[in-house]
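**Q** I'd like to ask you about the structure that follows.
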């Protein structure tokens, strides 16, 4: 019996989507053999993924959807994809946050997952242009009351995008007046050539303001974002301090990232202990490390 038979539907669909994207298409009979499930189960999964608009069903299987650089999926469409990867990334990224700091979280489903891991970190000031992220903290306060050490949340205002981010002149002006220690940035796409990009021009400008206002920039992005290019670039890889991603990131991409960024954290992999001397001194000075034993950390 295949261990894949015990996967949840969302996990199985993530595997199917990854296979279709990686190979440029997949047949139903190939997926049934790999996953150890029935044809009917695979066809239902393909139907669900097709409704989300992330693949296209064809006779006998499915092919990936080639998205225009201006296409911006909604929050709900993205929220069901790469769930386990986003959870691993969120858990690893949360380890970078110290109590009492001022942080910013951009819009996106990965930053939304991260917000849920930050609820117990005391005395945070959280700046966000994400309605969903703000809701995480406000819902926690409604449930448990105004407890001591609860985060102070600053929602920027602005015009709402399909991904529930607030952008435009109001958001830009609010962000320009602020300064924060750490920015966690979700992205539509990331590549060596285009850097960080989004299909939404207004969101690109708001993200530029976020990057400019941050002392350190941490991109949280699962492996499917690598190689995707949106209409507008808003930052180069050289402007990013750290990328937190999952184990699906190809080796070639890891090499490119490690050459350009100060730090690459791969969540969910064994710790290879490859830490630069300067960072070891920083960690000793801080009195703790920024990652768990289950994370791979590559420092430059």
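In the working numbering, the protein residues as written are 125 to 424.
Don't be surprised by glycine CBs; every beta carbon is placed ideally from N, CA and C.
Remember, predicted model here, so these are calculated numbers, not experimental data.
1) When the Cβ atoms of the segment 336-347 are set against those of the segment 290-309, are three or more pairs found closer than 8 Å?
2) Starting from residue 171 and walking both ways along the alpha helix (DSSP H), at which residues does that stretch end?
3) Taking one C-beta from the segment 372-387 and one from the segment 234-248 each time, how about it: are there three or more such pairs within less than 8 Å?
4) In whole angstroms, what is the alpha-carbon distance linking residue 249 and residue 349?
5) Of all the options 177, 167 and 178, which has the alpha carbon lying nearest to the alpha carbon of residue 185?
6) When you compare the CB positions of residue 329 and residue 291, do they come within less than 9 Å of one another, or not?
7) So what's residue 193 in DSSP terms, helix, strand or just coil?
8) How would you call residue 157, buried or exposed, if buried means at least 16 neighbouring beta carbons within 10 angstroms?
9) Ignore the nearest five residues each way along the sequence and tell me which others in residue 364's own chain have a CB closer than 6 Å to its CB.
10) Are the beta-carbon atoms belonging to residue 214 and residue 176 less than 9 Å from one another?
11) Compare the C-alpha of residue 370 against each of 355, 362, 354 and 389 and name the closest.
12) Taking just the CA atoms, how far does residue 256 sit from residue 325?
13) What did DSSP end up calling residue 188 once you bin it into helix, strand or coil?
14) Which partner residues of residue 308 appear in the DSSP bridge assignment?
15) Verify whether the separation of the beta carbon atoms of residue 301 and residue 332 is less than 9 Å.
16) In whole angstroms, give me the CA-to-CA distance for residue 251 and residue 211.
17) Is the beta carbon of residue 296 closer than 9 Å to that of residue 282?
18) Helix, strand or coil for residue 406? Go by DSSP, reduced to three states.
19) Can you tell me which of 229, 276, 322 and 178 puts its alpha carbon nearest to the alpha carbon of residue 138?
20) Whole angstroms are fine: how far does the CA of residue 259 sit from the CA of residue 288?
21) Could you tell me the distance, in whole angstroms, from the CA atom of residue 140 to the CA atom of residue 189?
22) Rounded to whole angstroms, what is the Cα-Cα separation between residue 159 and residue 253?
23) From this set, 267, 357, 380 and 335, which residue's C-alpha is nearest residue 304's C-alpha?
**A** On the basis of the data shown:
1) yes
2) 163-175
3) The answer is no - the segment 234-248 does not touch the segment 372-387, with fewer than three Cβ pairs under 8 Å.
4) Cα to Cα, the separation comes out at about 28 Å.
5) That would be 167, whose Cα lies nearest to the Cα of residue 185.
6) yes
7) Any reading at residue 193 must be qualified, since the residue scores a pLDDT of 45, below 50, and its modelled position is unreliable; no value is offered.
8) Burial call: exposed.
9) 341, 343 and 385
10) no
11) Minimum Cα distance to residue 370 is reached at 389.
12) Straight-line spacing of the CA atoms in residue 325 and residue 256 works out to 20 Å.
13) strand
14) 229 and 342
15) no
16) Approximately 21 Å, taken between the alpha carbons.
17) yes
18) Per-residue confidence for residue 406 stands at a pLDDT of 46, beneath the threshold of 50, marking its modelled position as unreliable; the derived number appears in the next sentence. Residue 406 falls in the helix class under three-state DSSP.
19) Residue 178 is the option with its Cα nearest to residue 138.
20) 11 Å
21) 14 Å
22) Spanning the two alpha carbons is a distance of roughly 39 Å.
23) 335
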